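Student: The sequence shown maps to residues -24 to -1, 1 to 99 in mature numbering (1 follows the signal peptide of the UniProt record, and there is no 0).
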Amino acid sequence: MKRSARLLVSAATLLLAVGSTGYAADIIEGPSADYCRVVGTSNLVLTDNIVDLKDQVVKLMDESVAVANSSEWINSSRPVFVWASEAKVACGMAYGYLKTNYRDEDTLNKCECFHDRMVEYMH
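Here is the structure:
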């Protein structure tokens, strides 16, 4: 019994030592993933009219909020809920900037990207 316990402790120590040198949980220094399949500027950023832009962002945000609140997607095994949650935050931030007439390209790109990912996983 003591030998089994020692082996278990040794195995756990080895796993901790090996695991601590990898990038599995290190988001900052690890390889970055490009979640958007379209590289470059989103359609939102290309919209010149600020009123139209606000309307589009609010539409994407409302759709994302509805999906994030839907028990169908909350309980789904697909990552729709995750992307809906990300989209509603990004679109909310983009809308907040737009209320002050500031066009933050990063949040606009994320808003569209995350919404597109949400829709992609719904089908």
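All C-beta atoms in this analysis are idealised placements derived from N, C-alpha and C, irrespective of residue type, glycine included. The structure presented is a predicted model; accordingly, all values stated were derived computationally and were not measured.
How is N51 classed by DSSP in three states: helix, strand or coil?
Tutor: Here residue 51 refers to the residue found at position 75 when the sequence shown is read from its first residue. It is coil, neither helix nor strand.
Student: Determine, using beta carbons only, whether C67 and C87 come nearer to each other than 8 Å.
Tutor: Working through the sequence shown from its first residue, we reach residue 67 at position 91. Working through the sequence shown from its first residue, we reach residue 87 at position 111. Yes; because the gap between Cβ atoms is below 8 Å, this pair is in contact.
Student: Can you check whether the CB of K30 is closer than 8 Å to the CB of L84?
Tutor: For the purposes of this step, residue 84 is taken as residue 108 along the sequence shown, with counting starting at 1. For the purposes of this step, residue 30 is taken as residue 54 along the sequence shown, with counting starting at 1. The answer is no: Cβ separation not under 8 Å.
Student: Tell me whether A42 is buried or exposed, calling it buried when 16 or more other Cβ atoms sit within 10 Å of its Cβ.
Tutor: Within the sequence shown, numbered from 1, the residue matching residue 42 stands at position 66. The residue in question, A42, is exposed, as its Cβ has fewer than 16 Cβ neighbours within 10 Å.
Student: With a threshold of 7 Å on Cβ separation, who are the neighbours of A44 within its own chain once the five nearest residues in sequence on each side are excluded?
Tutor: Locating residue 44 in the sequence shown gives position 68, where the first residue counts as 1. F57, A60, S61 and K64, listed in sequence order.
Student: Contact check, L20 vs V34 under 8 Å by CB: the rounded distance?
Tutor: Mapped onto the sequence shown, residue 20 falls at position 44. Mapped onto the sequence shown, residue 34 falls at position 58. L20 to V34, Cβ: 11 Å. No contact.
Student: Can the beta-carbon of S40 be found less than 8 Å from the beta-carbon of M98?
Tutor: In the sequence shown, the residue the question calls residue 40 occupies position 64. In the sequence shown, the residue the question calls residue 98 occupies position 122. In this structure, M98 does not lie closer than 8 Å to S40 by Cβ.
Student: Would you decide whether D92 is buried or exposed? Buried here means 16 or more other CB atoms lie within 10 Å of its CB.
Tutor: Taking the first residue of the sequence shown as position 1, residue 92 is located at position 116. D92 comes out buried.
Student: Hey, how far is the Cα of M69 from the Cα of E96?
Tutor: Within the sequence shown, residue 69 is the residue found at index 93, counting from 1. Within the sequence shown, residue 96 is the residue found at index 120, counting from 1. The straight-line gap from Cα to Cα measures roughly 22 Å.
Student: Helix, strand or coil: which one does DSSP assign to Y97?
Tutor: Taking the sequence shown and counting its residues from 1, one reaches residue 97 at position 121. It is helical.
Student: Ends of the alpha helix (DSSP H) at S61?
Tutor: In the sequence shown, residue 61 corresponds to position 85, counting from 1. That run of the alpha helix (DSSP H) goes V56 to K75.
Student: Could you name the residues of the same chain whose beta carbon sits closer than 8 Å to that of E81, not counting the 5 residues immediately before and after it, in chain order?
Tutor: By one-based count along the sequence shown, residue 81 stands at place 105. T17 and V21.
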